[in-house]
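Trainee:
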Amino acid sequence: MAQLRSLHDDFVILVVDNNQPQEEDESSSSPCQEISISALDISSWDLSEILCYRRVKIRAHRTRLVQESSYFHGLLSGSFSESGHDHVSIEWNLETFLNLMRCIYDCALDVTSTSFLPLFDAALYFGVERLLSKCKRWLLLLASSNDSASPMLELPDLVQMWSFGLERDVDFVPDLCGAYLAKNLMLVKSDEYFGNVPYELLMCCIRHPHLTVDSEMHLADALLVWLDANKRLFDLSETSKDNIVNLMEQVRFSLLPLWFIAERRKSYGFSTFADHSIELVTKLTKMSSKCLVDSLRDGPPTDLRVRLTQYTEKLDLSGCTQLNEAILLLSVLPETYFTNPMWRKSLKSFLKNPEDDARNQEQSSQTTLPISSFETVQEVDISKCQKLDYIVTIKCISKSFPSLRKLRAAYLLNIKVSTMLELLQNFHKLTEVDLTVDIVPIIPCQASVFYTSPGLAQTPPIISLTYGSHIFDSGQVHRSLSSITRLTLEGRSDLYDKDLRSISRSCGSLCYLNIKGCALLSDACIAYVIERCKSLHSLIVCYTSFSENSVLALCADTSVTNSLASNLQMLHMSKCEGISETSLINLITRTKKLKSLCLRDTKVSDSVLCELSGSSLEALDISNTTISSMVLTCVISKNSNLKSLKARGCKNLIQSETMFNCLSKGSGLEELEIGWGFTYFSLVSMRPAVSSLRAISVGLGASLGEDGLNLLPSACPLLESIVLYFQEISDSALTSIVTSLKNLEELALSYCFGDITLQSFKFSIPNLRKLRLERVTRWMTNEDLFVLTQSCPNLTELKLVGCLHLNSDSQPIISSGWPGMISLHLEECGRITENGVASLYGCIALEDLLLRHNGSGIQKNFLLDASLKFPMLRLVSLDMCDAKEGKFDVPEEKEVRFLSIVKISRCKSQRCSLGRELAPVHRETLVMFWNGQNFTNTLLKQRL
0 MAQLRSLHDD
10 FVILVVDNNQ
20 PQEEDESSSS
30 PCQEISISAL
40 DISSWDLSEI
50 LCYRRVKIRA
60 HRTRLVQESS
70 YFHGLLSGSF
80 SESGHDHVSI
90 EWNLETFLNL
100 MRCIYDCALD
110 VTSTSFLPLF
120 DAALYFGVER
130 LLSKCKRWLL
140 LLASSNDSAS
150 PMLELPDLVQ
160 MWSFGLERDV
170 DFVPDLCGAY
180 LAKNLMLVKS
190 DEYFGNVPYE
200 LLMCCIRHPH
210 LTVDSEMHLA
220 DALLVWLDAN
230 KRLFDLSETS
240 KDNIVNLMEQ
250 VRFSLLPLWF
260 IAERRKSYGF
270 STFADHSIEL
280 VTKLTKMSSK
290 CLVDSLRDGP
300 PTDLRVRLTQ
310 YTEKLDLSGC
320 TQLNEAILLL
330 SVLPETYFTN
340 PMWRKSLKSF
350 LKNPEDDARN
360 QEQSSQTTLP
370 ISSFETVQEV
380 DISKCQKLDY
390 IVTIKCISKS
400 FPSLRKLRAA
410 YLLNIKVSTM
420 LELLQNFHKL
430 TEVDLTVDIV
440 PIIPCQASVF
450 YTSPGLAQTP
460 PIISLTYGSH
470 IFDSGQVHRS
480 LSSITRLTLE
490 GRSDLYDKDL
500 RSISRSCGSL
510 CYLNIKGCAL
520 LSDACIAYVI
530 ERCKSLHSLI
540 VCYTSFSENS
550 VLALCADTSV
560 TNSLASNLQM
570 LHMSKCEGIS
580 ETSLINLITR
590 TKKLKSLCLR
600 DTKVSDSVLC
610 ELSGSSLEAL
620 DISNTTISSM
630 VLTCVISKNS
640 NLKSLKARGC
650 KNLIQSETMF
660 NCLSKGSGLE
670 ELEIGWGFTY
680 FSLVSMRPAV
690 SSLRAISVGL
700 GASLGEDGLN
710 LLPSACPLLE
720 SIVLYFQEIS
730 DSALTSIVTS
740 LKNLEELALS
750 YCFGDITLQS
760 FKFSIPNLRK
770 LRLERVTRWM
780 TNEDLFVLTQ
790 SCPNLTELKL
800 VGCLHLNSDS
810 QPIISSGWPG
820 MISLHLEECG
830 RITENGVASL
840 YGCIALEDLL
850 LRHNGSGIQK
860 NFLLDASLKF
870 PMLRLVSLDM
880 CDAKEGKFDV
890 PEEKEVRFLS
900 IVKISRCKSQ
910 RCSLGRELAP
920 VHRETLVMFW
930 NGQNFTNTLL
940 KQRL
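For the sequence shown, position 368 matches number 367 in my numbering, and the numbering has no gaps at all.
Below, the structure is given as structure tokens:
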């Protein structure tokens with residue numbers, strides 16, 4: 000029975016029973032089941048010890064409890080019978096109540112994702128406003144913080160909090176849960192629990208003004224993942240179907256990449272909207288910025304505005320061919336701008352001449368566009384956005400994203416490198432720039448050229464320079480781009496010596512430089528760049544004139560370090576010829592910190608590679624060289640961290656069992672390309688090292704055999720890519736591979752022998768994205784091709800060679816089965832193009848198309864048609880044998896849009912001694928390429 004308190008006693012005893020299961024502690028010195036503690040000592044309470052007791056009596060100040068808790072205020076100072084008692088029984092979770100008391104006494108208390116709900120529930124029940132405010136501040140901080148170090152909520156906890164807030168009718172909890180999900184959707188959409196997020200919470204999230212996604216595609220993808228979870232789309236009620244429509248209607252379809260729309264065309268929940276999306280994107284692709292602005296009505300054009308918030312860190316617009324500078328500007332203008340009835344006029348004025356805006360800015364802020372600033376954006380990707388006026392775009396980006404660190408603008412032929420870098424001088428925090436384009440398949444010094452069109456893309460006169468020459472130091476001094484440390488100019492055939500010279504003067508802090516395929520650069524110029532950029536540690540110079548002068552520059556001693564070579568971490572020099580063995584040895588002996596070395600297709604010898612003294616290699620590529628197994632074994636033994644080894648085409652790697660045994664002792668390979676000397680027994684001996692292998696390519700000279708292929712799934716369960724050349728294959732081995740390797744994304748069978756049938760491809764392979772079948776499926780019919788579309792529904796790259804039974808009916812099977820196809824190569828596949836190629840136009844997202852020896856029905860205006868019907872098409876390869884009228888028309892430069900490289904081969908027929916016609920023999924290849932500045936025709940003897 001509770002005892003009556005003394006009128007002068009200001010304390011009350013709170014009796015709390017610990018009903019939680021207790022763990023027996025044999026070392027415990029106290030046999031008591033009860034403990035008495037005082038609020039006077041609350042700051043020194045040892046909760047871990049207190050929680051060991053079954054009953055806890057807390058001596059607390061009555062006045063404090065009454066002031067801080069509405070529950071105790073009513074209980075201890077009201078008309079209840081307990082108000083006169085000095086003992087009060089409390090039925091609550093002990094740990095939570097102890098923390099509640101700590102809060103009442105203003106002690107430090109950490110709210111976490113696991114403690115929030117218990118604390119918040121207790122705060123509501125006991126009416127502790129201090130704790131309610133603390134919980135609200137914690138949740139508000141999570142929902143609004145820009146700090147990447149702020150704690151993350153587990154998705155199940157978030158859903159539980161949201162449900163609790165709804166049940167208790169506490170509005171701010173579901174609101175803040177929706178805000179948190181909106182801010183962090185990019186992080187949580189890949190969570191396996193994401194499909195269990197309630198519809199109402201998801202809708203609250205995507206309608207929230209703080210919804211932050213890298214692109215509209217990521218939002219659409221998240222919704223499709225949610226819809227697909229737990230088979231939500233089967234046996235749905237009308238209400239559920241309406242919910243799906245409501246969700247998908249939140250997507251701004253006009254801002255989706257064409258390839259994504261095409262690929263997801265058959266997806267449940269999206270198929271209804273696919274045709275409309277394609278229509279919107281196609282319409283925008285044909286519309287200029289001025290026409291777009293003219294077509295807009297009053298009010299904010301929400302459907303055309305890219306989502307940007309105060310939390311956006313990355314903006315990914317890649318692949319949006321419909322995107323123009325007007326759409327970009329509409330996205331960075333504030334809502335208030337559209338309340339001005341003259342907004343369209345001012346926007347068109349800026350688009351007409353952005354220079355005027357810069358001049359007006361100094362005179363009157365009222366005449367300039369009020370472009371919003373998004374301080375958190377650090378990365379922008381506008382790759383393949385060919386319609387963008389890059390001068391307007393870069394100026395817009397510089398105003399809107401002042402903290403930008405990474406800019407990717409790949410496959411944009413309209414960008415001139417020198418102009419682009421001038422524009423980037425206003426980006427003071429920019430560290431990475433990527434201006435990659437497709438590499439032209441011609442190396443001037445190695446190609447057998449019949450002729451090159453005069454006056455177009457000619458190599459300019461190259462001043463003869465030797466290492467140490469400073470002739471490039473003269474001329475205009477550009478403002479500094481010293482913040483840039485990584486620069487990728489891969490494939491830039493419009494990059495001349497003077498351009499790279501200027502870049503090296505401006506970008507003095509370069510650490511990483513990729514000039515792969517920049518065929519017009521001289522060795523002397525590359526050497527000059529190396530000499531100026533003292534911080535270089537990564538250099539990619541494949542398919543360039545990198546030679547003696549450049550090697551000398553790398554090896555030269557400097558005042559800062561011994562030599563640049565001694566600090567190199569990455570050196571890729573595929574197909575770089577003309578370097579003497581002495582120079583190579585001099586270079587290799589100095590590269591002690593190398594992590595990645597590529598010597599593919601070079602004349603490197605054993606005497607060079609054996610001088611490699613470092614022990615940090617993680618990736619080594621010696622494909623198509625004369626390196627022996629003995630030297631390679633020596634290198635492997637010194638580099639136990641090797642993750643990637645590429646040695647296909649190395650004929651001297653015979654009797655290599657010692658090498659493979661050495662590999663098995665390493666930390667584990669992730670990528671392997673091998674040929675000569677590789678057998679089933681090699682794979683067995685390497686088994687400890689290949690358990691984490693993700694990609695394997697086995698080429699000529701290897702004899703893996705059926706046993707080896709059968710071993711792959713168990714030995715390498717993480718494989719994502721398998722490429723086999725000239726290997727023995729069978730239905731049983733192939734079936735084992737496709738059914739066991741759930742992560743398989745790429746499968747290539749080239750010139751393999753053995754018996755395989757359609758049976759191997761009747762199994763579902765939903766993750767397969769790339770499939771190459773070269774001369775291994777001669778039996779394939781249209782029916783077989785249809786089966787392939789069902790078993791591999793998500794292919795984006797397909798190459799078929801030698802499928803002799805296919806015909807023109809194969810085209811609609813391909814375009815309807817794989818509408819999201821990006822790369823399609825069909826060669827010697829029966830009569831596929833005998834009646835033209837109209838049915839292939841369903842593959843609207845194609846970027847790479849090869850059609851050779853498939854039937855002479857291709858119209859002469861195909862190149863123009865293709866550039867119009869395939870808005871993303873960059874690469875085309877044809878054969879004159881397939882031209883219906885014996886030739887192909889070459890479109891005007893202004894008509895080709897995105898098209899950058901066209902290869903047209905020509906064959907000549909031949910007859911045997913008996914007069915019978917034999918298979919045609921290749922004669923020449925016409926290569927046409929557009930580098931954004933010039934259009935060039937080159938006739939080569941080689942087949943490309």
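Using N, Cα and C, we set each Cβ at its ideal position, and we do this for glycine too. It should be emphasised that the depicted structure is a prediction, and the values quoted were computed from it without experimental measurement.
(1) Does residue 885 pass the burial test, meaning 16 or more other C-beta atoms within 10 Å, or should it be called exposed?
(2) Which partner residues does residue 747 have in the DSSP bridge list?
(3) Count Cβ pairs between the region 900-909 and the region 859-876 that sit closer than 8 Å; are there 3 or more?
(4) Between which two residues does the beta strand (DSSP E) holding residue 511 run?
(5) According to the neighbour-count rule (16 or more other Cβ atoms, all chains shown, within 10 Å of its Cβ), is residue 653 buried or exposed?
(6) Report buried or exposed for residue 566, applying the criterion of at least 16 other Cβ atoms within 10 angstroms of its Cβ.
(7) Give me, in chain order, the residues of the same chain whose beta-carbon lies closer than 6 Å to that of residue 702; leave out the 5 immediate sequence neighbours on both sides.
(8) Check the Cβ-Cβ distances between residue 638 and every residue of chain D, and say whether any is below 8 Å.
(9) In chain order, which continuous runs of the beta strand (DSSP E) of length 3 or greater are located wholly inside the region 522-580?
(10) Is residue 142 near residue 131, with beta carbons less than 8 Å apart?
(11) Would you kindly work out how many angstroms separate the C-alpha atoms of residue 183 and residue 592, rounded to a whole number?
(12) Look at residue 490 and residue 438 and say whether their C-beta atoms are less than 8 Å apart.
(13) Do the CB positions of residue 727 and residue 753 come within less than 8 Å of each other?
(14) Cα separation between residue 304 and residue 250?
(15) Only counting the same chain, and skipping five residues up and downstream in sequence, which positions put a Cβ closer than 8 Å to that of residue 253?
(16) Let's test the definition: count the other Cβ atoms within 10 Å of the Cβ of residue 495 and tell me whether it reaches 16, buried, or not, exposed.
(17) Tell me the rounded alpha-carbon separation between residue 729 and residue 777.
(18) Would you kindly work out how many angstroms separate the C-alpha atoms of residue 502 and residue 533, rounded to a whole number?
(19) Near residue 831, which residues of its chain fall below 7 Å by C-beta distance, leaving aside the five closest residues on each side in sequence?
(20) Tell me which residue opens and which closes the alpha helix (DSSP H) that residue 868 is part of.
(21) Tell me the rounded alpha-carbon separation between residue 941 and residue 927.
(22) Quick one: Cα of residue 434 to Cα of residue 509, how far?
(23) Could you please give the first and the last residue of the uninterrupted alpha helix (DSSP H) stretch that includes residue 500?
(24) Could you pull out every unbroken alpha helix (DSSP H) segment of at least 4 residues lying fully inside the region 808-856, listed in chain order?
(25) Rounded to the nearest angstrom, what separates residue 498 and residue 615 at their Cα positions?
(26) Write down the C-beta distance between residue 887 and residue 859 rounded to the nearest angstrom, noting that I regard them as a contact closer than 8 Å.
(27) Please state whether DSSP places residue 621 in a helix, a strand or coil.
(28) Give me, in chain order, the residues of the same chain whose beta-carbon lies closer than 8 Å to that of residue 105; leave out the 5 immediate sequence neighbours on both sides.
(29) Go to residue 660, then tell me how far its alpha helix (DSSP H) extends in each direction, as first and last residue.
(30) For the beta strand (DSSP E) holding residue 936, just list the boundary residues, first then last.
(31) Ignore the nearest five residues each way along the sequence and tell me which others in residue 931's own chain have a CB closer than 7 Å to its CB.
(32) Does DSSP put residue 428 in a helix, a strand or coil?
(33) In whole angstroms, what separates the C-alpha of residue 274 from that of residue 834?
(34) I need the straight-line Cα distance from residue 523 to residue 549, nearest angstrom please.
(35) Short check: CB of residue 635 to CB of residue 661, under 8 Å?
(36) So what does DSSP say about residue 207, is it helix, strand or coil?
Mentor: Put simply:
(1) With fewer than 16 other Cβ atoms within 10 Å, it is exposed.
(2) Its beta-bridge partners are 722 and 771.
(3) The way I'd put it, the region 900-909 does touch the region 859-876; three or more beta-carbon pairs between them come closer than 8 Å.
(4) According to the DSSP assignment, residue 511 belongs to the beta strand (DSSP E) that extends over 511-513.
(5) Around the CB of residue 653, fewer than 16 other CB atoms lie within 10 Å, so the residue is classed as exposed.
(6) Buried, because 16 or more other Cβ atoms sit within 10 Å of the Cβ of residue 566.
(7) Around residue 702: 678.
(8) Among the chains of the structure shown, chain D does not appear; only one protein chain is present.
(9) List check, beta strand (DSSP E) in window: 537-539 and 569-571.
(10) Cβ distance not < 8 Å, so residue 142 and residue 131 don't count as in contact.
(11) Cα to Cα, the separation comes out at about 39 Å.
(12) Cβ atoms of residue 490 and residue 438: closer than 8 Å.
(13) Yes, the Cβ-Cβ distance between residue 727 and residue 753 is below 8 Å.
(14) Spanning the two alpha carbons is a distance of roughly 11 Å.
(15) If we look at residue 253 and ignore the five residues flanking it on each side, its Cβ neighbours are 276, 279, 280, 283, 302, 303 and 321.
(16) Under a 10 Å Cβ-count criterion, residue 495 is classified as buried, with 16 or more other Cβ atoms of the shown protein chains found around its own Cβ.
(17) For residue 729 and residue 777, the distance between alpha carbons rounds to 15 Å.
(18) Here the alpha carbon of residue 502 sits roughly 14 Å from the alpha carbon of residue 533.
(19) Result list for residue 831: 805, 806, 807, 809, 810, 825, 853 and 854, in chain order.
(20) Residues 861-868.
(21) Looking at the two C-alpha atoms, the distance is approximately 14 Å.
(22) Residue 434 and residue 509 have their C-alpha atoms some 15 Å from each other.
(23) Unbroken alpha helix (DSSP H) run through residue 500: 496-505.
(24) With a minimum length of 4 residues, the continuous alpha helix (DSSP H) runs that stay inside the region 808-856 are 809-816.
(25) Each residue's alpha carbon lies about 34 Å from the other.
(26) Confirmed, about 5 Å.
(27) Taken through DSSP and simplified to helix, strand or coil, residue 621 comes out as coil.
(28) Excluding sequence neighbours, residue 105 sits near 129.
(29) First-last of the alpha helix (DSSP H) with residue 660: 656-662.
(30) Residue 936 -> beta strand (DSSP E) spans 934-939.
(31) Taking C-beta separations shorter than 7 Å and ignoring five residues to either side along the sequence, the partners of residue 931 in its chain run 412, 413, 414, 415 and 493, following chain order.
(32) Coil at residue 428, not helix or strand.
(33) Annotation: residue 274 to residue 834 spans about 27 Å, alpha carbon to alpha carbon.
(34) The C-alpha of residue 549 is placed about 7 Å away from the C-alpha of residue 523.
(35) In contact: residue 635 and residue 661 (Cβ atoms closer than 8 Å).
(36) Coil at residue 207, not helix or strand.
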